[in-house]
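Visitor: Chains as they are written, first to last, in this note's numbering: chain R, 266 to 342; chain E, 3 to 247.
Every residue gets a Cβ at the ideal spot worked out from N, C-alpha and C, and that includes glycine.
Small disclaimer: the values here were computed from a predicted structure and weren't measured.
Below you can see the structure in the form of structure tokens.
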């Protein structure tokens, strides 16, 4: 252990501002990159699932319309 | 002999492999990086000239070294992609570039915060600093070029060429402190010579180097998985995988 107290550790022999600025920003950027990747992965998945749900809805609507037209056809006869 | 490697060029296998490897990079990387940083910040002795400001070395040197080796790995991906026509390599380039850019930014940033108390200035336009800044712009250029093509196969070919041409900057960065007069000090650790650093200061540096290398690998794997999924959105295996998750 190179430091006698916690405040001495934070002051870094007078260079505290520069040392913590260097480490703080570096960690923040690394963590930020990781979270960006996670966010992108979630966004991609959500996008695909919405698209799939849309396709399902279109299919269902088409089927419903077909059934309806068949029904109407029977009525007119 | 190396034929077993071949199936991993397929995006599905590559995606799977990246997922399997991720924890093996992320966990040891996190442990080593924490260990090295705490050791460097708390237990390593202060420098006799620079006092405690020298502790910035424990993030500066690993990120600077990795910013260059990550670039080299990206150029190798470009070469393999162009020669053997493997699309997965282009996706790897797209995954590597942002990680490299972040490492280069960290190297420049920590260099500035180290330069201010030691040299009296945040920045000088000397050879080492300028060539490292060009490396950052190369990474940005590759990211922008890849994003600017609608057809990602064309994009991959273009960034491969750009990555390979940019390799010329690596020896320039490395030898800049020898070729030109500079404020920047010479190499602290080199492959061929005995390191110019006391072992109780050197060990945390080497641990942090390995830790940050593993963490960078984990970040690349994470981005590679995203990139593969984005490129293969219409493939049944991607749709099935996303449905099951």
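What in chain E is Cβ-close to residue 310 of chain R, meaning under 9 Å?
Guide: Those within 9 Å of residue 310 of chain R in chain E are 231, 244, 247.
Visitor: Report whether the distance from the Cβ of residue 93 of chain E to the nearest heavy atom of the ligand FMN is below 6 Å.
Guide: With respect to small molecules bound, the structure shown includes none, and the ligand FMN cannot be examined in it.
Visitor: Assign residue 53 of chain E to one of three DSSP states: helix, strand, or coil.
Guide: Strand, per DSSP.
Visitor: Just to make sure I have the definition right: I need the residues of chain R whose C-beta is within less than 8 Å of the C-beta of residue 116 of chain E. Which are they?
Guide: The contacting residues are 283, 287.
Visitor: Are the C-beta of residue 40 of chain E and some C-beta of chain R separated by less than 7 Å?
Guide: Output row for residue 40 of chain E: interface = no.
Visitor: Closer than 8 Å by C-beta to residue 179 of chain E: which residues in its own chain qualify, once you throw out the five before and the five after it? Chain order, please.
Guide: 129, 130, 186, 187, 188, 189, listed in sequence order.
Visitor: Where does residue 222 of chain E sit, in a helix, a strand or coil, going by DSSP?
Guide: The answer is helix: DSSP assigns residue 222 of chain E an H, G or I state.
Visitor: Looking only at C-alpha atoms, which of E:176, E:49, E:140, E:119 sits nearest to residue 286 of chain R?
Guide: When only C-alpha atoms are compared, the closest one is E:119.
Visitor: Output yes if chain E places a C-beta closer than 7 Å to the C-beta of residue 298 of chain R; else output no.
Guide: Yes, its Cβ sits closer than 7 Å to a Cβ of chain E.
Visitor: Just checking: is the beta-carbon of residue 306 of chain R within a distance shorter than 7 Å of some beta-carbon in chain E?
Guide: Closer than 7 Å to some Cβ of chain E, the Cβ of residue 306 of chain R qualifies, so yes.
Visitor: For a quick check, are the C-beta atoms of residue 217 of chain E and residue 35 of chain E less than 7 Å apart?
Guide: Taking 7 Å as the Cβ cut-off, residue 217 of chain E and residue 35 of chain E qualify as a contacting pair.
Visitor: So, does the CB of residue 291 of chain R fall closer than 7 Å to a CB anywhere in chain E?
Guide: Yes - at least one Cβ of chain E is within 7 Å of the one on residue 291 of chain R.
Visitor: What is the rounded straight-line gap between the Cα of residue 124 of chain E and the Cα of residue 235 of chain E?
Guide: Cα-Cα distance, rounded: 45 Å.
Visitor: Can you tell me which of the three DSSP states residue 145 of chain E falls into?
Guide: In this structure, residue 145 of chain E counts as helix in the three-state DSSP scheme.
Visitor: Would a C-beta distance cut-off of 7 Å place residue 249 of chain E and residue 94 of chain E closer than the cut-off?
Guide: The question about residue 249 of chain E has no answer here: the residues shown for chain E are numbered 3 through 247.
Visitor: Report the residue from E:172, E:224, E:33, E:114 whose alpha carbon sits nearest the alpha carbon of residue 206 of chain E.
Guide: It is E:33 whose Cα lies nearest to the Cα of residue 206 of chain E.
Visitor: Residues of chain E with CB under 9 Å from residue 271 of chain R, in chain order?
Guide: Near residue 271 of chain R there are no residues of chain E at all, since even the closest Cβ is about 11 Å away, more than 9 Å.
Visitor: Let me confirm a value: residue 342 of chain R is counted as buried when at least 16 other C-beta atoms fall within 10 Å, else exposed. Which label applies?
Guide: Because the pLDDT at residue 342 of chain R is just 48, under 50, the model does not fix this residue reliably, and the point stays unresolved.
Visitor: Between which two residues does the alpha helix (DSSP H) harbouring residue 89 of chain E extend?
Guide: 89-121 is the extent of the alpha helix (DSSP H) around residue 89 of chain E.
Visitor: Any idea if residue 336 of chain R is buried or exposed, counting beta-carbon neighbours within 10 angstroms, 16 or more meaning buried?
Guide: By the neighbour-count rule (16 or more Cβ atoms within 10 Å), residue 336 of chain R is not buried but exposed.
Visitor: Identify whether residue 315 of chain R lies in helix, strand or coil by the three-state DSSP scheme.
Guide: In the structure shown, residue 315 of chain R sits in a helix (DSSP, three-state: H, G or I).
Visitor: On a Cα-Cα basis, can you pick out the residue from E:41, E:104, E:169 that is closest to residue 77 of chain E?
Guide: The option with the nearest alpha carbon to residue 77 of chain E is E:169.
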